[in-house]
Structure formats: C-alpha cells, structure tokens
Amino acid sequence: MLAGGVAHVGVVVDDLEAAMADLPLVGAWSSVLEWDTTVRRADGSIERRPVRFVTAAGAPAHLKLIESAPGSVWAPTGGVQQLHHLTYWVADLGAATAQLHAAGYRTEADGLEEDGSVRFRYLVSPLGVRIELGLLANKAAFDSWASGGDHA
0 MLAGGVAHVG VVVDDLEAAM ADLPLVGAWS SVLEWDTTVR RADGSIERRP
50 VRFVTAAGAP AHLKLIESAP GSVWAPTGGV QQLHHLTYWV ADLGAATAQL
100 HAAGYRTEAD GLEEDGSVRF RYLVSPLGVR IELGLLANKA AFDSWASGGD
150 HA
C-alpha cells in the first residue's frame, strides 16, 4: 500500500517566500499555488480557507512548503515551523486508511474536492507523525506542477 516510498515532505512555514529564499540549495521551485481548500475534520466540522503552497521542482521526494494558517490543520504546533507530513500516493484511499487505522493511526482530516469527494487524507500515528494519503489519480497533475506546470 505505502510501498512506493515518500512522495513529498510537507513543512509548515510562516512566510512562504522567505522560506523559499532561505533554501537556495533547493534550486528551482514550482509556481506558488493558492487554493480555496475545504477540509473535513475528524469531528465532522468543515474548514474552508485559502492555502498557499509550493514544491521544489525535480524528482521525488519533493519538499513542499505550506504557509501556516492559524487555527487550521496547517497551523504549526506551538507556533514553531515544522515538519507537517509525509505523503504517500495510494490507489485505494479506503484500504490504505484501514491499514493505518489497524496500526494505531487516527484520521485527522480529509481534503475535499468541490463535489465532496476526498482528495487527500491526513492520519496521525500514536507518536504524532502525520501521514498524508494522496490519491494516485492526482499524481500526474502534481508531477506536472512540480516540474513547472500550472496546477497540482
């Protein structure tokens, strides 16, 4: 299920442009995207907000920077910029989720498409490590964006 390895590492930062400038060894960055994102928390509450993010261009595993959004799933714990998640592409979100639940993970939030279907899911391990499960069907768009395309 997660055998493909880490697709990207997400890091929450306070200032996207400053963080990009602070990482000159990364080389090229994708375009900065700002999406109006809808997330459903584990308690069923819905969160809608714009989210800005960028990824290092080139081969996986990508470094993805996400601008912090206070009060959201992208808020840094304790106000500190930090590792946010490790992403894995999966073909079957339900099966991957069941496998992680069996290993003690809990669902934190689902990223929703406009039609309400799940685009990605955050799960948290008993030790606090957050995993993002991304639908394999969205990988080509992510790869295109990461290599200089316009969307993810």
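Numbering of the sequence shown is given in numbering that gives the first Met the number 0, commencing with residue 0 and proceeding in unit increments. Beta carbons are placed, not taken as given, at the ideal position from N, Cα and C, and that holds for glycine.
Less than 8 Å separating the Cβ of Y87 from some heavy atom of the ligand SAH? Among the components modelled here there is no ligand, and therefore nothing to report on the ligand SAH.
Reducing DSSP to helix, strand and coil, say where V38 ends up. strand
Hey, G133 and A6 are a contact pair by Cβ (cut 8 Å); roughly how many whole angstroms apart? 7 Å
Along the chain, where does the alpha helix (DSSP H) that runs through D142 open and close? K138 to A145
I need the DSSP call for V72, collapsed to helix, strand or coil. coil
Starting from D109, follow its DSSP beta bridges and name the residues at the other end. R39 and R120
Provide the residue span of the beta strand (DSSP E) that contains L62, from first to last. H61 to E66
Contact belief for R188 with N137 at Cβ below 8 Å, rounded distance in angstroms: Limits of the chain in this structure are 0 at one end and 151 at the other, which puts residue 188 out of reach.
Can you check which of these residues, I65, S146 and L92, is closest to T36 by C-alpha distance? I65
Under 8 Å Cβ to Cβ from D198, same chain only, skipping five residues before and after it: list those, please. With the chain covering 0 to 151 only, the question about residue 198 has no answer from this structure.
Using a threshold of 9 Å, state whether the C-beta atoms of R51 and D109 are closer than that. no
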